[in-house]
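Residues 20 to 885 in my numbering are what the sequence shown lists, from first letter to last. In what follows, a single structure is set out as structure tokens and then discussed.
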Amino acid sequence: MLSRRSTLRLSVAFMLLVVLIATFYLSGRYLLQRNGVETLDWSGISLSGTGVHLENLQLTQRSGAGTLSLHSHGLKLAWRDFGVSLPFWQHVDIDRLAIRWLPADDEAPPTTPPADLELQQLAAPLALLPRSLFIHKLDAALPCARGQCSASGALNLQRDEVDRTTLQLDLDHQAQRINVTLAVQPHSHALDLQLTLAVDQQPQMTANSNLAQVADGLAWSGQLDATGLTQATALQNWLSAWTVPADTQWPAAPGEVGVQGSWQLKLPGRELSVDNLLAATGQFDLKGNLPQPWPFPGLGQLQGQLALAAHNDGEHWIARRVEADLQLSQPTGDWLNAVPAELRSESLRVQLQPDTPLGDLRADLAERSLPLKLVLSLQGATHLELQGRLALASAPPWAVQFADTRLTTRTSKASQSGWQASDLVSELMLAGSADSQAVELTLAQGSRLQAAAVRGTDLNAQQLQIGLGGSTLNVQLQAGAVQHWQFKGPLNLSTTRLEQANLQPQGWRLQGQLDAADLAGVLRAKLNNDSELQLDLDARLDAAQNLQLKATLGELFLRSGNPLAKTLVQWPALLDLNSGRLNATANLALAAGSNAPSVDLELTGKGLGGIYDRSELSGVDTRMQFKLARQRFDLYVQQLKIQQANPGLPIGPLEARMRYVAPLSSADQGTLEVNLAQTALMGGLVTLTPGQWDLAAGNQLFPIQIRGLELQQLFTLYPAEGLAGSGTLDGDLPVRLGPNGIEIEQGQIASRQPGGHLQFSSDKIKALGRSNPAMQLVTQSLEDFRFTTLNSSVDYDQHGKLLLGMRLEGQNPAIENGRPIHFNINLEEDIPKLLTSLQLTDRVNEIITRRVQQRLLHRDTAPKEP
20 MLSRRSTLRL
30 SVAFMLLVVL
40 IATFYLSGRY
50 LLQRNGVETL
60 DWSGISLSGT
70 GVHLENLQLT
80 QRSGAGTLSL
90 HSHGLKLAWR
100 DFGVSLPFWQ
110 HVDIDRLAIR
120 WLPADDEAPP
130 TTPPADLELQ
140 QLAAPLALLP
150 RSLFIHKLDA
160 ALPCARGQCS
170 ASGALNLQRD
180 EVDRTTLQLD
190 LDHQAQRINV
200 TLAVQPHSHA
210 LDLQLTLAVD
220 QQPQMTANSN
230 LAQVADGLAW
240 SGQLDATGLT
250 QATALQNWLS
260 AWTVPADTQW
270 PAAPGEVGVQ
280 GSWQLKLPGR
290 ELSVDNLLAA
300 TGQFDLKGNL
310 PQPWPFPGLG
320 QLQGQLALAA
330 HNDGEHWIAR
340 RVEADLQLSQ
350 PTGDWLNAVP
360 AELRSESLRV
370 QLQPDTPLGD
380 LRADLAERSL
390 PLKLVLSLQG
400 ATHLELQGRL
410 ALASAPPWAV
420 QFADTRLTTR
430 TSKASQSGWQ
440 ASDLVSELML
450 AGSADSQAVE
460 LTLAQGSRLQ
470 AAAVRGTDLN
480 AQQLQIGLGG
490 STLNVQLQAG
500 AVQHWQFKGP
510 LNLSTTRLEQ
520 ANLQPQGWRL
530 QGQLDAADLA
540 GVLRAKLNND
550 SELQLDLDAR
560 LDAAQNLQLK
570 ATLGELFLRS
580 GNPLAKTLVQ
590 WPALLDLNSG
600 RLNATANLAL
610 AAGSNAPSVD
620 LELTGKGLGG
630 IYDRSELSGV
640 DTRMQFKLAR
650 QRFDLYVQQL
660 KIQQANPGLP
670 IGPLEARMRY
680 VAPLSSADQG
690 TLEVNLAQTA
700 LMGGLVTLTP
710 GQWDLAAGNQ
720 LFPIQIRGLE
730 LQQLFTLYPA
740 EGLAGSGTLD
750 GDLPVRLGPN
760 GIEIEQGQIA
770 SRQPGGHLQF
780 SSDKIKALGR
790 SNPAMQLVTQ
800 SLEDFRFTTL
810 NSSVDYDQHG
820 KLLLGMRLEG
830 QNPAIENGRP
840 IHFNINLEED
850 IPKLLTSLQL
860 TDRVNEIITR
870 RVQQRLLHRD
880 TAPKEP
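This is the structure:
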């Protein structure tokens, strides 16, 4: 039998059920229509001593937000703890529950601002929850990023006597079970929440949080512990199914992740929004650990540890601690396109550790800096390592100051704008600062760049090294873009071997000062090479990209050697200067966008001496000017004085002043203008008549005058056995220069009045006279011949043959009382052979003798023409 208490409960429940049925019956249509309930069906209702059992319940509600459908099987409402106020039944058990929510397609976003969050109102619905709710099988179809997503599992809700509510949700996902437990404890003006997450009964994350109402906002504090997040892949797959569109796929997560943190924040408003969260004050401390590479879209595979702590006192977030050891591998993303191929890395590692404060901080960093040690390593085509000490701004605006910083790089090869370099190495000692408006760098002593080889179209350099120690670089920024930059300081370059078509291969060194700004600048430097050539350089590039270069060769004493001959490929191989002084100044100008420079070269020589080909030179003074402009050059010999030139017989003093102008493309077809050209020769003077000649026109005639040539000096310099004499000769030689070389046709030489004296006494000639009576008069006459007339025609051909047609008129006082005697004599001489014989005497330089011997040897061994 039922007890009196049980009978009373059944009676009350029955009466309540009758009242509810009557109420639903009388007002159901009105209530259902008012709340948008289109369908409410149930079946299989039964009562028992333990509660009410409803086999099937189906409800469909439609509103402006969308349509909600519920379908339950095996609904059990227990009598235990039954009350007369909502929720009436405190213990609910459901075998299966299917939920489907379809949002309206034309749902408009709310126009009213979000309401303030009142914790009491937020906790109020918790009182309407039953003491226990258990759904054995839950199937839900809810909106997600892919449209509609399904979830299945079980739900268990418990609420204790102090209104602590615990919700446990077990979800089945891809043969794994994800367990989410949420515990909520309301207070008068606060709310405690605890969230735990597990996968296949393995704890993954625990979060404790407290929300409390304060005067004008919310206080939010909490702790997060996910250091044992070993099922990151499963959680990512579950979350991506709900948050990622169907045509998008997250990269696969690693199997393990670690996150830990705590926070104490004060939100200025009582609304749960991102803006409200960003405006919060307080502090937070976060630590993250990626023991395995994690793929980040647009970045690459990230691995390592990161710790960050900061606080906000009402103005800015201020970092209190930053620690990191992160490695990025397999970088991806569009940002790689902006990085030169030589600088793209396979991996990048960044390490940050706390450090002692820097000294001599900038004023704006003195009270808001975070001292750090930085180590950055990059591996790939370029190996880079950066080590240094930083003072990082702990609050906006951002700024950084660094000291004792060392940057080293190594690249096996690189190419840019037609240049190739191998084994590039940089080692920079840096100090400076940077912010959103400027970057300031100072390069300490020892900063250098070097390359094993640098090759360009026209230039190669081996073991190139650039020293930058003591230089500064200042960059002005605007909106992240460079607006102005300036580089100032020493610039030292050296190469062990420089190869260029116009230079002899050897080492070069440059030491100077560079002041450059915005692609314009000034370089003042000293340049020298292994041959001891020393130049002073002054280079200027203006803002319009016009280049001006001045090179000055200081006074060069050639007695200690000729560095020009050892430097310039085009230095005449047969010119050997071994005495005197030489200096020069060259100016080069190159207009922007042009590849045709203009050149102005001035050369001065004093007391020069040496050898040219087979001629010995001494006492050479010269001033020359060479100009190149618009593909034409102008060579102006302002002064040329040679005390003596000796090609086998002494010539000089020689003096000349001339100009030669020609197109650069046809240098041998220019215009020659001679203002002065004369030389002393054998006591006389040889002069080229001033004039102008167009060498492009073919044969050119150069009229040469001979005045005052002394026979006595001729016979001294060109001795013949038993021949002597005196007299003075004048003449005119029409020298023609053409394709066949130098030629003379119908030149004339004649003696001055009153004539001269010839003496020719030779045993061979006397013997010839005794054997030939016709020659006896000739030989006797020439033994003491007093001539009044000596004239000769002069012809010279391209092969070096000199033909003289001489006429002598005079007398010998010892023959027939000095009667007149006339001679016609034809002479032929090979001038090159004559000079060669003179050059082989002991009166010329040993170098000349050696060159003559080499030329004779070459001529004798050369193949003969058929």
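No residue lacks a Cβ here, since even glycine has one placed at the ideal position from N, Cα and C. Every value quoted in this text rests on a predicted model; they were computed, and no experiment measured them.
With respect to the C-alpha of G702, the residue from E729, G717, A715 having the closest C-alpha is E729. The Cβ atoms of P149 and W120 do not sit closer than 8 Å to each other.
Every unbroken stretch of the beta strand (DSSP E) spanning 3 or more residues and falling wholly within the region 430 to 471 is given here in chain order: 438 to 454, 457 to 462. Pairing S228 with P415, the inter-Cα distance amounts to about 29 Å.
V680 sits in a strand when the DSSP states are folded into three classes. For W257, the enclosing alpha helix (DSSP H) stretches over residues 251 to 262.
Ranked by how close their Cα comes to the Cα of S366, the residues L380, G352, Q346, T375 have Q346 in first place. Beta-bridge partners of K285 (DSSP): A238, T300.
In the three-state reduction of the DSSP assignment, F101 falls in the coil class, being assigned neither a helical nor a strand state. In the pairwise beta carbon analysis, the region 465 to 481 is classified as touching the region 515 to 530: at least three pairs are separated by under 8 Å.
Taking C-alpha positions only, D782 is separated from Q662 by approximately 40 Å. The region 774 to 856 contains, as complete alpha helix (DSSP H) runs of 4+ residues, the segments 782 to 790, 792 to 801 (chain order). Each residue's CA atom was taken as its position, placing A536 and L568 some 18 Å apart. Residues of the same chain with a CB within less than 8 Å of the CB of K545, apart from the 5 flanking positions on each side, are L529, Q530, G531, Q553, L554, D555, L556 in chain order.
A straight-line Cα-Cα distance of about 21 Å links S169 and Q250. One thing to note: L188 has its Cβ no nearer than 8 Å to the Cβ of L210.
The C-beta distance from R678 to L654 rounds to 7 Å, short enough to fall under 8 Å.
Runs of the alpha helix (DSSP H) spanning 4 or more residues and lying entirely within the region 605 to 646 do not occur at all. As computed with DSSP, S348 is found in a beta bridge with Q320, S366. Residue pairing by DSSP places N694 in no beta bridge whatsoever. Taking C-beta atoms as the reference points, L447 and S466 count as a pair closer than 8 Å. Listed in chain order, the non-local C-beta contacts of L659 below 6 Å within the same chain comprise T641, A675, local neighbours out to five positions each way being set aside.
A straight line joining the alpha-carbon of A97 with that of F153 spans about 12 Å. Here the alpha carbon of Q213 sits roughly 7 Å from the alpha carbon of V203. According to the DSSP assignment, Q724 belongs to the beta strand (DSSP E) that extends over 719 to 729. Within the region 548 to 600, complete beta strand (DSSP E) segments of at least 3 residues are found at 553 to 560, 566 to 576, given in chain order. Proximity to I850 across G829, I840, Q817, Q830 peaks at Q817, based on C-alpha coordinates. Cβ neighbours of M825 within its own chain (closer than 6 Å, five residues either side excluded): S811, I844.
In the structure shown, the three-state DSSP call for T375 is coil.
Taking all protein chains in view, the Cβ of V233 is surrounded by fewer than 16 other Cβ atoms within 10 Å, so the residue is classified as exposed. The secondary-structure analysis by DSSP pairs E674 across a beta bridge with K660, Q697.
Looking at the DSSP output, P122 shares a beta bridge with G85. Under the three-state reduction of DSSP output, P149 falls in the coil class, being neither helix nor strand.
Contact between the region 704 to 720 and the region 737 to 746 is absent: fewer than 3 CB-CB pairs across the two stretches fall below 8 Å.
Here the alpha carbon of N718 sits roughly 6 Å from the alpha carbon of L756. Rounded to the nearest whole angstrom, the C-alpha separation of L620 and L609 is 15 Å.
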